[in-house]
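Residue numbers (the UniProt record's numbering): 1 to 114.
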């Protein structure tokens, strides 16, 4: 493995650190929030960004040349596509099991412009 340029090394290191911070925040959100819907928010947002930052850093460090590494790009794409879809399906399943989780409908507008 060849030595990296100093700016690339700093960029990759900061991306790994940022990714670790995002993943830690997602894990804390999962552990500390009170309800199911709040607990679902932490891992789907913060952990997805954390994994994305780590994968981009891996792509910068381990790509063989100026071209991007296809494996890291595909993993990042699949995580960014599947995490929101799985969270949406989990929320729909939770609302199916416990309909009282559904928020109240907004009050009807009294002065409609029609």
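Backbone N, C-alpha and C define an ideal beta-carbon position, used for all residues, glycine too.
From the DSSP output, in three-state form, read off residue i for me.
i, result
"residue 33", "coil"
"residue 104", "coil"
"residue 97", "helix"
"residue 27", "helix"
"residue 69", "coil"
"residue 58", "helix"
"residue 4", "coil"
"residue 47", "helix"
"residue 63", "coil"
So, is residue i buried or exposed, given that buried needs 16 or more other C-beta atoms within 10 angstroms?
i, result
"residue 103", "exposed"
"residue 82", "exposed"
"residue 78", "exposed"
"residue 72", "buried"
"residue 13", "exposed"
"residue 23", "buried"
"residue 85", "exposed"
"residue 35", "exposed"
"residue 106", "exposed"
"residue 99", "exposed"
Note down, in chain order, each residue of its chain lying with its Cβ closer than 6 Å to the Cβ of residue i, except the 5 sequence neighbours on either side.
i, result
"residue 56", "15"
message = Whether or not the region 41 to 48 and the region 4 to 14 are in contact is what I'm after, with contact meaning three or more pairs of Cβ atoms, one per stretch, closer than 8 Å; do they touch?
response = Contact check between the region 4 to 14 and the region 41 to 48: fewer than three CB pairs, one atom from each, fall below 8 Å, which does not count as touching.
inquiry  = Under 8 Å: do the region 49 to 64 and the region 16 to 27 share three or more Cβ pairs, one atom per stretch?
reply    = A contact is defined here as three or more CB-CB pairs under 8 Å, and the region 49 to 64 meets this definition with respect to the region 16 to 27.
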